[in-house]
Amino acid sequence: MRQKLGETRTSVRDRHALVCPDSHERTTLPNWPGSEVIFVITPQTGARFTEFFVDLPAEAVGREPLIGIQRFFFVLSGNVSLSVDGKTHQLGVEGYAFLPSDRPHEIRALEKSRIVVLEKRYIELADEGRPEPFVGRVGSVARSPMKGDDMIMLQKLLPAGNAFDCEVNIMDFAPGGSLPYVETHFMEHGLLLLNGGGVYRLDNSWYPVEAGDVIWMGPFAAQWFGALGRTNARYLIYKNWNRDPHVS
Ligand code: UGY
Ligand code: MN
Numbered sequence: 215m216r217q218k219l220g221e222t223r224t225s226v227r228d229r230h231a232l233v234c235p236d237s238h239e240r241t242t243l244p245n246w247p248g249s250e251v252i253f254v255i256t257p258q259t260g261a262r263f264t265e266f267f268v269d270l271p272a273e274a275v276g277r278e279p280l281i282g283i284q285r286f287f288f289v290l291s292g293n294v295s296l297s298v299d300g301k302t303h304q305l306g307v308e309g310y311a312f313l314p315s316d317r318p319h320e321i322r323a324l325e326k327s328r329i330v331v332l333e334k335r336y337i338e339l340a341d342e343g344r345p346e347p348f349v350g351r352v353g354s355v356a357r358s359p360m361k362g363d364d365m366i367m368l369q370k371l372l373p374a375g376n377a378f379d380c381e382v383n384i385m386d387f388a389p390g391g392s393l394p395y396v397e398t399h400f401m402e403h404g405l406l407l408l409n410g411g412g413v414y415r416l417d418n419s420w421y422p423v424e425a426g427d428v429i430w431m432g433p434f435a436a437q438w439f440g441a442l443g444r445t446n447a448r449y450l451i452y453k454n455w456n457r458d459p460h461v462s
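According to the numbering used here, the sequence shown is numbered sequentially starting from 215.
Dropping the structure here:
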C-alpha cells in the first residue's frame with residue numbers, strides 16, 4: 215500500500231518503539247524456510263528479546279530458535295500443528311505454545327497461517343530445571359480483574375513457577391478502562407494490540423494505537439494506556455520477570 219507523503223504512526227525512540235503494520239519489512243530466515251518473517255522488536259532496538267510475525271504458506275514448517283533461546287508463539291490466523299516430545303498438537307486461532315530453550319520441535323502450517331513469536335534467552339536458576347513445553351488456548355484461560363479493576367480483565371497464558379523467567383498475558387480493557395497509574399519498571403514489554411484501540415503513553419509521548427500495532431517498552435519506559443471507542447481494546451503482552459535485575 216502506498217502511503218501519503220511518507221507518513222506513518224511508527225515511531226522508534228531510545229527506550230520505546232511503536233511499530234505499525236504500514237512499516238513492516240519482510241525477510242527470510244533459515245529456520246522458517248518458505249515463510250516470510252517480519253521482525254518488529256529485536257536487540258537492535260535495545261530490547262533483550264525478539265518479537266516477530268511469521269506468514270506461513272500451507273505446509274511450511276518452522277524449526278527451533280538458536281541455542282539457549284526459548285520461544286512462545288500465538289496463532290493469529292489459520293491453523294498450525296506443533297510436534298514436540300513425540301506428540302502433535304493442533305492450534306487454531308488464539309492457540310499458543312511455549313517451548314523451553316534447546317527443545318527440538320516443529321511448527322507446521324496446516325493452511326496458510328500467521329503467527330506471532332516471542333523469543334528470549336533463558337535465564338536459568340541454580341536449583342530449578344527448565345520449564346516444560348506448554349500448549350494452551352486463550353478461550354480456556356481464566357480471566358480475573360487486574361488489581362481489582364473489573365474494567366481490565368487479565369489472562370495469564372503461562373503456568374506459574376520459578377522455572378519461568380517471563381510471562382505472557384492478555385489484557386482486555388472495556389471502553390474507558392485505563393491502567394491505574396503510569397508504570398515504570400525495569401522489566402521490558404513486547405505488546406501486540408489484538409482488538410480495539412486507545413491512547414498509549416510511552417515516556418513523554420502519547421500515541422493513538424489500533425489493532426495490529428506493536429509496542430516495545432524498554433526498561434523504565436513510563437507507560438500508561440487508556441481504551442477508547444465502543445469496543446474492548448485487548449492486547450497480548452510479554453514481560454521478563456521473576457529474575458533479579460542483576461541477571462536480567
Ligand atoms: O504487567 C504489566 O506491567 C502491565 N500492567 N503493563 C502494561 O500494561 N503496560
Ligand atoms: Mn508494565
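Glycine included, each C-beta is placed from N, C-alpha and C at the ideal position.
{"Query": "Reference residue 341; option with closest CA among 376, 308, 354, 370", "Result": "376"}
{"Query": "DSSP-derived helix/strand/coil call for residue 269", "Result": "strand"}
{"Query": "Residue range of the beta strand (DSSP E) that includes residue 334", "Result": "327-335"}
{"Query": "Residue from 300, 275, 367, 423 with nearest C-alpha to residue 442", "Result": "423"}
{"Query": "Option nearest residue 324 by Cα separation, candidates 241, 298, 351, 289", "Result": "289"}
{"Query": "Residues near residue 391 by beta carbon distance below 6 Å, same chain, minus five either side", "Result": "365, 366, 441"}
{"Query": "Residue 347 versus residue 312 - alpha carbon distance", "Result": "5 Å"}
{"Query": "Where residue 257 falls: helix, strand or coil (DSSP)", "Result": "helix"}
{"Query": "Counted within 10 angstroms of its Cβ, other Cβ atoms place residue 231 as buried (16 or more) or exposed", "Result": "buried"}
{"Query": "Meets three-Cβ-pair contact criterion under 8 Å: the stretch 421-440 and the stretch 392-412", "Result": "yes"}
{"Query": "Residue 437 CB to nearest heavy atom of the ligand ADP below 7 Å", "Result": "As far as ligands go, the structure on display features the ligand UGY and the ligand MN and does not contain the ligand ADP."}
{"Query": "For residue 219, three-class secondary structure by DSSP", "Result": "helix"}
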